[in-house]
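Below is one structure; the comments refer to it alone.
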Amino acid sequence: MSATLARVVTADAPGKVNLILRVTGLDAQTGYHELLTVFHCLNLREVVRLSVRADEKVTVQTVPGPSFAGALPSGLDGPDNLAVRAVQSLRHYAQDQGKDAPGIDIHITKNIPVAGGMAGGSADACAALVAANELLGLNMNREELARFGVSIGADVPYGLWGEQSLGVGFGNDIRPLDAGPTRHWVFLSSSRGLSTPVVFGEYDRLELHNGFNEQRRSLEDKVLGALRGDNPILEVIENDLQAPALRLRPELEDVIAAAKEAGAVSAFVSGSGPTIAALCESEAAAKDLAATVASHPEVCEAIVATGPSGPARILAVDNEAPSERERT
Ligand code: ATP
């Protein structure tokens with residue numbers, strides 16, 4: 001291991017809410033859905049710390065962060081963790097380049113509900129890519145990291161751009177948009193997650209797609225036009241996965257109604273759900289709404305947040321290994 005490389009790197013990456021999420025195509029071979037979406041990044045951010053090990057192992061430990069009230073599900077501390085996949089993909093790349101690829105301990109502080117439609121696992125992968133790029137001295141640019149990201153998941157690359165972006169296709173085409181004003185949100189999480197592939201499966205089963213390839217161009221114009229307008233955001237909000245998510249979890253209709261009753265400008269399913277996103281007029285309105293709706297029987301936690309938020313970034317680079325106490 002070269003003496004010039006850092007031993008510990010900490011990075012963070014934003015979660016997201018999709019302002020618009022329209023299915024615009026289906027790849028008949030892979031079954032993957034082509035999307036047109038606006039990623040609105042949130043100040044709910046995952047923090048990922050990578051520390052070099054003396055051997056070649058890669059380990060992962062996941063702990064709840066300050067904005068995480070529910071218990072973490074089991075199964076996050078293994079090789080399927082998306083942050084592990086991100087680190088391994090860059091280690092293998094480093095090896096292919098003839099570079100050192102030491103073992104790495106990954107420590108994740110989660111602030112985003114798991115399987116909540118807010119891309120928490122993808123944000124972990126995104127932060128891990130940024131940190132591993134630094135730790136392994138790879139000097140890859142954003143576009144190169146995005147190529148590794150999309151092979152892990154369609155929701156990984158957007159965090160490299162942050163703020164607000166148009167995502168076209170299968171996660172590989174990210175086009176930055178104007179950030180626009182700060183928006184105030186409350187995210188109403190659920191005690192049970194909803195699997196993204198299951199929601200897409202329900203979308204297919206309901207046969208909601210008809211002639212969607214033709215609509216892509218006009219949708220793109222509509223989104224870009226609306227985001228340039230005076231009161232754009234309400235014109236843009238639309239989620240093709242809301243109907244299938246509500247079919248799978250009808251009780252979420254009630255959470256949407258409660259959020260609207262409590263003053264939300266708009267309340268809708270975030271991504272593939274089950275988290276409900278409530279858009280509010282101000283920070284005070286968001287806090288009031290959170291206080292009112294937090295006691296709803298279907299709501300696990302009411303998380304106040306703002307967006308847009310910046311891209312994944314390095315928070316700290318250290319040449320000292322963390323002490324035993326810091327490791328936990
Ligand atoms: P998206 O909005 O991108 O569809 P999501 O927010 O609904 O994703 P995630 O929290 O990213 O869902 O996790 C989905 C599944 O991925 C989880 O059920 C879990 O099994 C797996 N997973 C793997 N790594 C992680 C991770 N680091 N954090 C959370 N889940 C992870």
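Position one of the sequence shown corresponds to residue 1 (my numbering), numbered consecutively onward.
C-beta: ideal position from N, C-alpha, C; glycine also.
- In this structure, Ser151 is the residue among Ser151, Gln29 and Thr10 with its C-alpha nearest to the C-alpha of Leu82.
- Taking 7 Å as the cut-off, the beta carbon of Val58 is found closer than this to the beta carbon of Gly103.
- Taking C-beta atoms under 8 Å as the contact rule, Gly15 and Gly120 qualify, at a distance of about 6 Å.
- In this structure, Val317 sits near Ala6, with a CB-CB distance shorter than 7 Å.
- Note: His33 is bridge-paired with Leu26 in the DSSP secondary-structure output.
- DSSP places Pro197 inside the alpha helix (DSSP H), whose first and last residues are Thr196 to Arg205.
- Boundaries of the alpha helix (DSSP H) around Asp254: Leu252 to Glu261.
- Distances from the CB of Leu82 to the heavy atoms of ligand 1 include at least one below 6 Å.
- Ligand 1 never approaches Ala86 closely enough for any of its heavy atoms to be under 6 Å from the residue's Cβ.
- Exclusion of the five residues before and after Asp55 leaves Gly103 as the residues of its chain whose Cβ lies within less than 7 Å of its Cβ.
- Distance between Ala146 and Ser74, taken at the CA atoms: about 28 Å.
- Put simply, the backbone Cα of Leu177 is about 15 Å away from that of Ile237.
- Proximity to Lys287 across Ser309, Ala259, Glu46 and Arg53 peaks at Ala259, based on C-alpha coordinates.
- Scanning the segment 56-133 for uninterrupted alpha helix (DSSP H) segments of 4 residues or longer gives 82-96, listed from N- to C-terminal end.
- Just measuring C-alpha positions, the residue of Val255, Leu136 and Glu251 sitting nearest Ser89 is Leu136.
- In this structure, ligand 1 has no non-hydrogen atom nearer than 6 Å to the beta-carbon of Ser74.
- For Arg175, the uninterrupted beta strand (DSSP E) run begins and ends at Asp173 to Pro176, by DSSP.
- For Ala128, the Cβ stays outside the 6 Å cut-off from all heavy atoms of ligand 1.
- For the 7 Å CB-CB criterion, Leu166 and Val304 do not form a contact.
- For the set Ser309, Arg85, Ile108 and Leu289, the Cα lying nearest the Cα of Val265 is the one of Leu289.
- Spanning the alpha carbons of Ser67 and Leu44 requires a straight line of approximately 8 Å.
- For Val317, the enclosing beta strand (DSSP E) covers residues Arg313 to Asp318.
- In chain order, Glu202 and Leu206 place their CB closer than 8 Å to the CB of Arg247, counting only its own chain and leaving out the 5 sequence neighbours on each side.
- In the pairwise beta carbon analysis, the segment 305-312 is classified as touching the segment 155-166: at least three pairs are separated by under 8 Å.
- In terms of Cβ geometry, Val293 and Ala245 do not form a close pair [threshold 7 Å].
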